[in-house]
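Let me begin by presenting the structure, written as structure tokens, before commenting on it.
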Amino acid sequence: MLRERIVNKLKDMTPGQSAVAMFLLDYPGDAAFLTASQLGSRVGVSETTVIRLSHFLGYTGYPELRGEITNRLMDRLSTLERLKDYGSGEKNDIYEKAVRKDLETLTEALASIPSEELDELGRVMAATPAIYLAGYRSSMSLVYYLSFYLSWILPSVRIINHDMPYALLLNAPRESLVLGISFPRYSRWTVEVLDQAESMGLLTASITTDLASPMAVKSRYVVAAPYMPVSFIDSFAAPMSLINCLILSVARNLGPEVTEKLGTLEEHWKEEKIYVPDKPKPLKRGQWKKEGVPGRR
Numbered sequence: 697m698l699r700e701r702i703v704n705k706l707k708d709m710t711p712g713q714s715a716v717a718m719f720l721l722d723y724p725g726d727a728a729f730l731t732a733s734q735l736g737s738r739v740g741v742s743e744t745t746v747i748r749l750s751h752f753l754g755y756t757g758y759p760e761l762r763g764e765i766t767n768r769l770m771d772r773l774s775t776l777e778r779l780k781d782y783g784s785g786e787k788n789d790i791y792e793k794a795v796r797k798d799l800e801t802l803t804e805a806l807a808s809i810p811s812e813e814l815d816e817l818g819r820v821m822a823a824t825p826a827i828y829l830a831g832y833r834s835s836m837s838l839v840y841y842l843s844f845y846l847s848w849i850l851p852s853v854r855i856i857n858h859d860m861p862y863a864l865l866l867n868a869p870r871e872s873l874v875l876g877i878s879f880p881r882y883s884r885w886t887v888e889v890l891d892q893a894e895s896m897g898l899l900t901a902s903i904t905t906d907l908a909s910p911m912a913v914k915s916r917y918v919v920a921a922p923y924m925p926v927s928f929i930d931s932f933a934a935p936m937s938l939i940n941c942l943i944l945s946v947a948r949n950l951g952p953e954v955t956e957k958l959g960t961l962e963e964h965w966k967e968e969k970i971y972v973p974d975k976p977k978p979l980k981r982g983q984w985k986k987e988g989v990p991g992r993r
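The opening position of the sequence shown corresponds to residue 697 in the numbering used here, with each subsequent residue numbered one higher.
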């Protein structure tokens, strides 16, 4: 894929090639309709630079590179267009197609688990005095999930309020970590939160698609997760799986104290009767109505 090729070779590009590469990532809709000469003019480099970049990235020439951009655009349709893509065909075909897309991203994640990145970020999260999580719209579900489990084992985990992120970060302890989560189409709010955190001297991290995403540019630590929408839905099968890995990484870095904390929590949950017993006592005839069990009349 073009994005992966650019990410892997970005550090070895000339300044001109790097400028063209970033244009391709940021404005694929424009690049798909530009000749090599037109693209060079837009970026401020020569046509030769564009052609050399194409070869540097492993393509036979600019036409092949532009062809891949066009194909990728077809894969990243608008929300409405994605819905139409699932609007025809048999019901079972639609369900199978949705599940297969999730399986594809999970298979991709399994084939390239970012172990080093997960280990490194897990160490940082276990040691930092406070963690602030940022996410917007559908990515907020991932933020809440991560916050829910981290709060079991870490002393200070907070979700950043959408109204006053600056005020919250202004009072963050030194060496605190701000972790943002966002996938295409990337949330401007989340990127700006990371930008603010970086300018304040706080540690920054992100869970996003890859090192070329606008999230990664603002992050010291990055965990890349495969992402593919299912119809109009932001499907987070692979990102959720890697978030589970990150939680396990944090727990491992905390050591034996995690076992003690979880044991204390279990006792509390048992005392408060948080969960239904594994083998609930069967109710007798007529007991539904007598005890006011919801859903029964």
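Every residue gets a Cβ at the ideal spot worked out from N, C-alpha and C, and that includes glycine.
What you are looking at is a predicted structure, and each value in this text was computed from that prediction instead of being measured.
For residue i, does the three-state DSSP call read helix, strand or coil?
i: Met770; result: Per-residue confidence for Met770 stands at a pLDDT of 47, beneath the threshold of 50, marking its modelled position as unreliable; no derived number is given.
i: Thr900; result: strand
i: Arg854; result: strand
i: Ile943; result: helix
i: Val972; result: coil
i: Gly876; result: strand
i: Leu829; result: strand
i: Val820; result: helix
i: Ile809; result: coil
i: Val889; result: helix
i: Val839; result: helix
i: Val741; result: coil
i: Tyr882; result: coil
i: Tyr791; result: helix
i: Ala728; result: coil
i: Tyr917; result: strand
Counting C-beta neighbours from all protein chains within 10 Å, is the total for residue i 16 or more, i.e. buried, or is it exposed?
i: Thr710; result: exposed
i: Met770; result: Unreliable placement is indicated for Met770, whose pLDDT of 47 sits below 50; the coordinate value is still reported in the next sentence. Answer is exposed; the Cβ neighbour count stays below 16.
i: Lys969; result: exposed
i: Thr960; result: exposed
i: Tyr840; result: exposed
i: Leu846; result: buried
i: Leu838; result: buried
i: Ala823; result: exposed
i: Pro880; result: exposed
i: Pro851; result: exposed
i: Tyr832; result: buried
i: Leu942; result: buried
i: Leu817; result: buried
i: Leu730; result: buried
i: Val741; result: buried
i: Met697; result: exposed
i: Val795; result: exposed
i: Val853; result: buried
i: Pro973; result: exposed
Would residue i pass as a contact of residue j if the rule is Cβ separation under 7 Å?
i: Ala732; j: Tyr758; result: yes
i: Leu802; j: Ala920; result: no
i: Ala830; j: Val889; result: yes
i: Thr900; j: Ser915; result: yes
i: Ile849; j: Ala728; result: no
i: Val874; j: Leu898; result: yes
i: Ala843; j: Ile855; result: Note that residue 843 is Ser in the sequence shown, not Ala. Against a cut-off of 7 Å, the Cβ pair of Ile855 and Ser843 comes out as a contact.
i: Gln713; j: Leu761; result: no
i: Ser902; j: Ala805; result: no
i: Thr886; j: Ser878; result: yes
i: Ser808; j: Asp930; result: no
i: Pro724; j: Ile790; result: no
Under 8 Å by Cβ, that's how I've got residue i and residue j pegged, so tell me the actual separation to the nearest angstrom.
i: Gly754; j: Val746; result: In fact, because the Cβ distance is near 15 Å, the residues do not count as touching under 8 Å.
i: Ile827; j: Met821; result: 6 Å
i: Glu800; j: Met924; result: 7 Å
i: Asn949; j: Arg819; result: 5 Å
i: Met911; j: Gly951; result: About 30 Å separates the two Cβ atoms, so there is no contact after all.
i: Pro861; j: Pro825; result: Not a contact, Cβ separation roughly 18 Å.
i: Arg738; j: Leu721; result: That belief does not hold up - the Cβ atoms of Arg738 and Leu721 are roughly 14 Å apart, past 8 Å.
i: Asp798; j: Val926; result: 7 Å
i: Phe752; j: Lys707; result: So it is not a contact: roughly 12 Å between Cβ atoms.
Point to revise | Any 3 or more C-beta pairs closer than 8 Å across the region 798–815 and the region 861–872 | key: no
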